[in-house]
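Residue numbers (the working numbering), protein chains in the order written: chain A, 1 to 239; chain B, 1001 to 1239.
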DNA sequence: CGAGCTGTTGAATGCGCTCAAAGCCCGTGG
DNA sequence: CCACGGGCTTTGAGCGCATTCAACAGCTCG
C-alpha cells in the first residue's frame, strides 16, 4: 500500500496537481505522508471504467499517466462528456455521497487513489491541506467557466479549435497530438454531433490549420490562426 | 464596520451559504467573528456594478438580498452571462489576482463583503473554515456541471424551462416568479438569442405551462410538465 | 407627445442535425 | 493470405431549429 511519490511520472503529476514545489513544501508534508502511506496505485486499460456514476464516492483520484474522460449518462439514453482528464487533473471531488459521473480510460492509464475519509480527516486538522483543496476546486471552477463560455457562444468549428488547443496545452505534447478518443466522444464534449466534428476537422484541414495524419493523430499547423479562429466572432476564412 | 449577523435577511443568507446551523456551529465561530468585525455591508441599485472584471480581486461577496448577474465581456464586443446570483450565493472566488467577471445588480441589492486577505489568513489557521470554503467551491462545481449539460445538450425551449425552474428554486418564490433581468440577459445565460427566448416564452404560454403576466412576472402553471420538458429528449408537445 | 428601449412577431437564411451510404481500419476466421 | 464483418469516420442530401434582419407593439421617461 506504500506509494513511492518520487517516481518520475508520479512526481510530475503531483507537481501539476499540488504545485511545483510539492515535495519540498513543508506545509504539505502531512498530505504527502498520507498519500505515501494510504494511497493506492491502480491501473486500467483503454475502455475500462475507473469509476462508475452512482457508486459510493469512496475515493479521490489523481491520474499519473494516460488520458481519461468524464461522462454522465443522463436519465434517458443520452450521455454527456464533461471533461478529458490528464495526469495531475485530480477528480472525484463532489458534494454528493455517490459519484455523479463515470470516468473511462481512453488509453492505458495509472492513477493514485486515496480514501476520501482519510483526506477529510486530514483536512479537518490541517488548514494547509484544506486550503490546497479549496484552490484546486477553484481551478476546476475556472476551467468549467471557460467551457461554459465555449458551449454558450461558439460555433462548431470554433469549438473544435478550442478543443485542439486545450488538448495541446493539457497533454504537454508538441504540435503532434495523440487524440485517443472517438469523434463521438469529442462531439459529446463539445455539444455537437459527431458528423459535425468530422466536418470541422475536414474544414480545418482544407484551411491548412491542421493535418489529420490518421484517426488518432492530428498535427497543428498554425496555432496562432487556430487561436484567432477560437476568439473571433466570425470564422476567419469562409471557404 | 461591525455587522449584525443576526439581522433576519443576513441570517437567512448566511444559513443558505454556510449551512443551516451557521450561527450556533462552534467550528465556525472564528469565521462569524471575522465577518461581524471585518465585513462591510454594501448596497447597490438596479443597474449598478457590484464588481468589475479586471479589477484587483480584493473582496469576497455574500449577497444578502436582491438578484444579480455574473457576466464577462469577451475580448470583442460580446458578452456572456455565467449565472444569476441570489442571497447566499457567495461569489468572488477566483484563482486569479483580478476578478475574471463583473457582477451587476438587477434590482436593489445588499451584500456583505470581506477582504480576501482576511479570509485567507483565517483559512491558514482554521481548518474548519478552509474546509467550509472547499465545500462551497464544490457546490459551485456541481452547479456549473449541470449548466454545462444544459448548454451542451438541450434545445432552446428546454433551456428556458430549465432557467425558470432553477430560478424558482434559487429565488424561494412560489410559482409567481419575479424575473428582473431582460430577455437579452436570459439569452446570454442560456446561449441562445433574445428573440428565441421570447419565442420560447410564447410557446410555453401557448402550451399553458406558464403565464407571462408582464415583462417581469411569470407564473409557472404546471411545474411537473415543465420538468418533463427539461428532461425529455423530445419536447412533449409539438404544436 | 415623441424618443428610446425592450419585447414580440414575421420572413428568410443558414448552421448544424438526422438519415443514409460509402470508405477506412483492423481484427477474425476460413 | 485473403475475405469478411463490424466499428469508426467521412461525405452527401435534405430538413429543421435557431439566428439574423426587420417591422411593430408596449412601456417609460423626459
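Glycine is no exception: its CB is placed at the ideal position from the N, C-alpha and C atoms. Quick caveat: nothing in here was measured; it's all calculated off a predicted structure.
- Scanning the segment 1157-1213 of chain B from its first residue to its last, the whole beta strand (DSSP E) runs of 3-plus residues come out as 1176-1178.
- Looking from the CA of residue 1027 of chain B, the closest CA among B:1128, B:1080, B:1066 belongs to B:1128.
- Exposed is the label assigned to residue 4 of chain A, since fewer than 16 other Cβ atoms lie within 10 Å of its Cβ.
- For residue 147 of chain A, the nearest beta carbon of chain B is closer than 8 Å to its own beta carbon.
- For residue 1129 of chain B, the uninterrupted alpha helix (DSSP H) run begins and ends at 1127-1153, by DSSP.
- By the 16-neighbour rule on beta-carbons within 10 angstroms, residue 1045 of chain B is exposed.
- When rounded, the separation of the alpha-carbon atoms in residue 130 of chain A and residue 25 of chain A is 15 Å.
- Taking CB atoms only, residue 1216 of chain B has no neighbour in chain A less than 8 Å away.
- The DSSP-derived three-state label of residue 1086 of chain B is coil.
- Within the model, the alpha-carbon separation for residue 1113 of chain B versus residue 1068 of chain B is close to 15 Å.
- As a beta-bridge residue in DSSP terms, residue 111 of chain A pairs with A:42, A:63.
- A straight-line Cα-Cα distance of about 34 Å links residue 111 of chain A and residue 222 of chain A.
- In the DSSP assignment, residue 15 of chain A falls within the unbroken alpha helix (DSSP H) covering 8-18.
- In terms of Cβ geometry, residue 88 of chain A and residue 36 of chain A do not form a close pair [threshold 8 Å].
- The Cβ-Cβ distance between residue 1002 of chain B and residue 137 of chain A does not fall below 8 Å.
- Under the Cβ criterion of 8 Å, residue 126 of chain A is counted among the residues facing chain B.
- Here residue 157 of chain A is near residue 203 of chain A, since their CB atoms are less than 8 Å apart.
- If you draw a straight line from the Cα of residue 228 of chain A to the Cα of residue 1034 of chain B, it comes to about 46 Å.
- Nearest to residue 1118 of chain B by alpha-carbon distance, out of B:1059, B:1133, B:1023, B:1160, is B:1059.
- Taking a beta-carbon distance threshold of 8 Å, residue 1152 of chain B counts as an interface residue toward chain A.
- Residues 212 of the same chain have their beta carbon placed closer than 6 Å to that of residue 205 of chain A, with the five preceding and five following residues left out of the count.
- The alpha-carbon of residue 1062 of chain B is positioned some 18 Å away from that of residue 1098 of chain B.
- In the DSSP annotation of this structure, the continuous segment of the alpha helix (DSSP H) that includes residue 226 of chain A starts and ends at 223-231.
- Taking C-beta atoms as the reference points, residue 109 of chain A and residue 187 of chain A fail to come closer than 8 Å.
- Residue 162 of chain A is outside the set of residues whose beta carbon lies under 8 Å from a beta carbon in chain B.
- Take residue 151 of chain A, set aside five residues on each side of it, and the residues of its chain with a beta-carbon closer than 6 Å to its own are 191, in chain order.
- The Cβ atoms of residue 1134 of chain B and residue 133 of chain A lie closer than 8 Å to each other.
- A Cβ-Cβ distance of about 6 Å is found for the pair residue 147 of chain A and residue 1148 of chain B, placing them in contact under the 8 Å criterion.
- Between residue 1048 of chain B and residue 1083 of chain B the beta-carbon gap is near 18 Å, outside 8 Å, which marks them as no contact.
- Residue 95 of chain A and residue 1142 of chain B do touch by the CB rule: their CB atoms are close to 6 Å apart, below 8 Å.
- Interface annotation, residue 1227 of chain B: not in contact with chain A, CB-CB separation never under 8 Å.
- Classified as buried, residue 189 of chain A has 16 or more neighbouring CB atoms from the shown chains inside 10 Å of its CB.
- Cβ contact annotation for residue 1091 of chain B (same chain, cutoff 7 Å, sequence separation greater than five): 1061, 1070, 1085, 1103, in chain order.
- Against chain A, the CB of residue 1030 of chain B has no partner CB under 8 Å away; the residue lies outside that interface.
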